[in-house]
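Step one of this worksheet: look at the structure below.
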Amino acid sequence: MRMLIMGPPGAGKGTQGVVIAEHFGIPAISTGAIFRSNVAEQTELGKVVSEIMNRGELVPDDVTTQLVADRLAQPDAAQGFLLDGFPRTVPQAKSLDEILDKLGTPLDAVLSLVVSDEVLVARMMKRAEIEHREDDNEETIRNRFKVYADETEPLLALYRDRGLLVEVDGLGEVAEVNDRIVAALEKKSA
Ligand code: AMP
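In this text, residue positions in the sequence shown follow numbering that gives the first Met the number 0: the first is 0, and each later residue adds one.
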């Protein structure tokens, strides 16, 4: 299984991504999580991306794409992967096509978690309290929604046109949403 998980900030990509990846026995690769651990460890990359993330903006495409190309070339990704948070822009989607073309490993599915705006804002505020993520303050959250709508949402149409898009209702308990996702993916590959 080679798949992407997409959805607006707060849709539950990270949580569901890990559970789904475990279900299929593939690595969950989250660009946001990789950036956050670099910030925490104060690496060179961490220093470059920390301000950008705190503003809710996107890390430049070339930096992000190189990171993903390197990660997908690692042995554990050879049997499949779940990418969470990449691609987020049209150029990133093109780069991903090129990376996967070279590896000869096309995508099987693009999962889109669908959640209403009101639920998203409430979830983000709750997460801000629990996780203390630097980028979960109100101004940054608003910017991240705008960036999602402007840059990332258009990718859904692109993957829909390719017959890869699987849309799943992201509202409910983690286990409930997870069951829904697994059923939808199995139906697609049947
Ligand atoms: P996430 O954990 O997916 O919500 O990502 C958190 C932050 O990391 C984003 O708001 C961006 O600043 C950065 N980021 C993660 N993935 C990407 C990407 N594919 N392109 C650019 N920036 C990204």
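Just so it is clear, CB atoms sit at the ideal spot from N, CA and C, and this is done for glycine as well.
Predicted model only: the values in this text are computed from it and were never measured.
Runs of the alpha helix (DSSP H) lying entirely within the segment 118-169 and spanning at least 4 residues, in chain order: 137-146, 153-160. Around the beta carbon of S94, a 10 Å sphere encloses 16 or more other beta carbons of the protein chains shown; the residue is thus reported as buried.
Put simply, the backbone Cα of N142 is about 8 Å away from that of R54.
Going by C-alpha positions, L157 is about 31 Å away from N37. If you draw a 10 Å sphere on the C-beta of S115, you find fewer than 16 other C-beta atoms in it, and that means exposed. Here the alpha carbons of G171 and D178 stand approximately 11 Å from one another. For the 7 Å CB-CB criterion, P26 and A108 do not form a contact. When only Cα atoms are considered, L110 and G169 end up about 11 Å apart. Not one heavy atom of the ligand AMP sits closer than 6 Å to the Cβ of R179.
Taking all protein chains shown into account, D69 has fewer than 16 neighbouring C-beta atoms within 10 Å of its C-beta and is therefore exposed. Inside the segment 28-98, DSSP marks whole beta strand (DSSP E) runs of 3 or more residues at positions 80-83, from first to last along the chain.
Contact annotation: D135 and R126 have beta-carbon atoms nearer than 7 Å. Going by beta carbons, L81 and A10 fall outside the 7 Å limit. Burial of T151 is indicated by the presence of at least 16 other C-beta atoms within 10 angstroms of its C-beta.
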